[in-house]
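First residue of the sequence shown: 1, per the UniProt record's numbering; consecutive thereafter. A virtual CB, placed ideally from N, CA and C, is assigned to each residue, including glycine. Working notes, beginning with the structure itself.
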Amino acid sequence: MKNIGIITFHAAHNYGSMLQNYALQQAIMKLSDKYYVETINMRSIRQIEQYNYFKAPWKYQDKKRILLSILYAPFFKALKMKYRLFEEFLANNISLSMQVDELSENTALSKKYDAIIAGSDQIWNITAYDFSWNYFLDFIHGDIRKISYAASMGTAPASQMQLYMQKKEFLRELLNSFYAISVREQKTASAISSLTDGKIRPEVVPDPTLLLSSKEWESLVPSESIVRGEYIFLYNPYYLSEVYTQAMELKKATGLPVVVSNINTRSIIPSIRFNLKLCSGPIEFLNLVKNAKYVIGKSFHLAVFSTLFSKNFIAVNGMNDSRLNNYLSKLDICNIASNGKITSELIDASMSIDYTEVKRRIAFEKEKGVRFLQESLKGL
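This is how it looks when you write it as structure tokens:
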């Protein structure tokens with residue numbers, strides 16, 4: 001039995017982060033019954049507190065946290081349930097190592113594995129809130145095989161290049177120690193090539209969520225919808241006013257209610273016009289996408305699951321987002337990206353997606369990812 005570790009933002013209470021971790025785990029396990037796969041459970045107190053807004057306001061000393069706890073007070077019950085659902089998904093669906101705050105070469109976990117895979121997600125974005133050099137596998141020495149799968153420096157690594165260049169020699173040393181490197185987008189590939197003076201040219205591979213079939217994802221979802229009747233599912237991980245405006249336009253055009261599964265400080269007021277399903281963890285998110293009549297939003301993972309589940313999907317201003325643009329272009333469905341407003345032509349386009357062709361193109365992307373994993377783990 002070969003022990004394979006995954007290190008990523010596994011405990012982020014973000015649908016895409018947790019589901020991509022699950023997908024990579026499952027994809028590796030399918031390659032061989034001789035692979036034991038677990039995620040390195042690196043969670044700092046800072047990371048855990050990032051998602052905890054459930055203390056009474058007077059228990060905080062930080063003014064920002066006090067304000068957040070007051071803003072979220074009307075939603076505490078639902079948000080506490082949501083927090084629990086994320087933690088349950090993590091405990092029940094992802095095989096975890098012992099919990100550690102950080103890793104060093106003297107940590108027992110650093111010697112446990114035959115290979116460690118860093119990725120996916122923005123684990124190599126040094127400006128990320130929960131960035132750690134551990135995601136570059138700086139704690140690994142010796143014969144452990146170091147691999148990255150769809151690691152990302154973020155959506156705009158070029159604008160941060162000065163920060164990377166300040167660490168160029170250190171980064172080059174870390175990257176040169178990898179057995180195989182793949183990244184999530186071309187911008188990250190170009191940045192790594194520049195940092196290593198062209199000596200490393202990473203392969204661009206699909207997000208791990210595309211490595212599982214729609215049937216495999218559906219196996220996680222209860223057969224019964226958590227919303228009665230037909231509805232529009234709106235998901236927007238960050239506040240963008242045009243998403244809510246266009247969701248209202250779609251609501252008026254179709255006569256269907258809009259369901260929302262998340263809020264943040266700026267989206268509280270626009271969201272209360274909709275049907276709130278805040279107690280939604282990763283499985284509930286999949287349920288909401290799978291059973292919706294229409295799906296609308298500006299999120300890469302929303303686009304992935306909408307296409308996997310063959311939904312009527314509208315990508316709000318999708319061509320202005322590099323990652324969404326790239327995904328829609330690869331599937332040849334750029335016509336479902338809105339451009340400022342919802343039109344009858346756009347609604348018709350969302351209902352006329354050729355999912356036979358879309359699934360063929362997804363299968364092509366999946367093959368690239370599976371092949372990279374097979375080759376990088378060969379001979380362990």
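Rounded to the nearest angstrom, the gap between the Cα atoms of N291 and S261 is 14 Å.
In the assembly as shown, E284 is a buried residue. Its beta-carbon has 16 or more other beta-carbons within 10 Å.
The three-state reading of DSSP puts K368 in helix, counting H, G and I together. In the structure shown, T8 falls within a coil segment according to DSSP collapsed to helix, strand and coil.
The beta carbon of S271 sits closer than 6 Å to the beta carbons of V260 and I263 from its chain, once the five residues preceding and following it are set aside; these are given in chain order.
A distance below 8 Å between beta-carbons, with the five flanking residues on each side excluded, links Q26 to the following residues of its chain, in chain order: L211, L212 and E216.
Taking 3 residues as the shortest admissible run, the region 212 to 282 contains the following complete beta strand (DSSP E) segments, listed from N- to C-terminal end: 232 to 235 and 258 to 260. Scanning the region 307 to 348 from its first residue to its last, the whole beta strand (DSSP E) runs of 3-plus residues come out as 312 to 315. For T196, the secondary structure class from DSSP, reduced to helix, strand or coil, is coil. Shown here, V289 sits in a helix according to DSSP, grouped into three states. Listed in chain order, the non-local C-beta contacts of A247 below 6 Å within the same chain comprise L234, V258 and I296, local neighbours out to five positions each way being set aside. Looking at the backbone, the Cα of T209 and that of C334 are separated by about 20 Å. Within 10 angstroms of the beta-carbon of T188 lie 16 or more other beta-carbons, which makes it buried. Rounded to the nearest angstrom, the gap between the Cα atoms of M81 and N236 is 20 Å. The Cβ atoms of I144 and K111 lie closer than 9 Å to each other. Scanning its chain for C-beta atoms nearer than 6 Å, with the 5 sequence neighbours on each side dropped, one finds around F9 the residues S17 and D121, in chain order.
Using a Cβ distance threshold of 9 Å, P222 and F89 do not count as a contacting pair. Going by C-alpha positions, N125 is about 8 Å away from P157. 9 Å or more divides the Cβ of N320 from the Cβ of K293. With contact defined as three or more Cβ pairs closer than 8 Å, the region 172 to 184 and the region 329 to 345 are not in contact. When only Cα atoms are considered, Y51 and T39 end up about 20 Å apart. Secondary structure of K167 (DSSP, three-state): coil. In this model, G142 and A108 are separated by some 14 Å (Cα to Cα). Secondary structure within the region 100 to 188: the alpha helix (DSSP H) runs of 4 or more consecutive residues, fully enclosed, are 161 to 166 and 168 to 176 (chain order). L302 is the residue among K34, L302 and V227 whose C-alpha sits nearest the C-alpha of L19. When secondary structure is reduced to three states using DSSP, S352 falls in the coil class, being assigned neither helix nor strand. Taking the CA atoms as reference points, I314 sits about 30 Å from N93. A distance below 6 Å between beta-carbons, with the five flanking residues on each side excluded, links C279 to the following residues of its chain, in chain order: A78, M81 and K82. Contact annotation: S322 and T127 have beta-carbon atoms that are not nearer than 9 Å. The beta carbon of D130 sits closer than 8 Å to those of F9, A12, S44, R46, Q47 and Q50, all from its chain and outside the five residues before and after it, given in chain order. Looking at the backbone, the Cα of N21 and that of G119 are separated by about 8 Å. S376 and L346 have their alpha carbons spaced roughly 42 Å apart.
Here V316 is near S338, since their CB atoms are less than 9 Å apart.
Excluding residues up to 5 positions away in sequence, I6, I147 and Y149 lie with their Cβ nearer than 6 Å to the Cβ of I117 in the same chain. For L380, the secondary structure class from DSSP, reduced to helix, strand or coil, is coil. Within the same chain, I232, P257 and V258 come within 8 Å of K251 by CB-CB distance, once the 5 residues on both sides are set aside.
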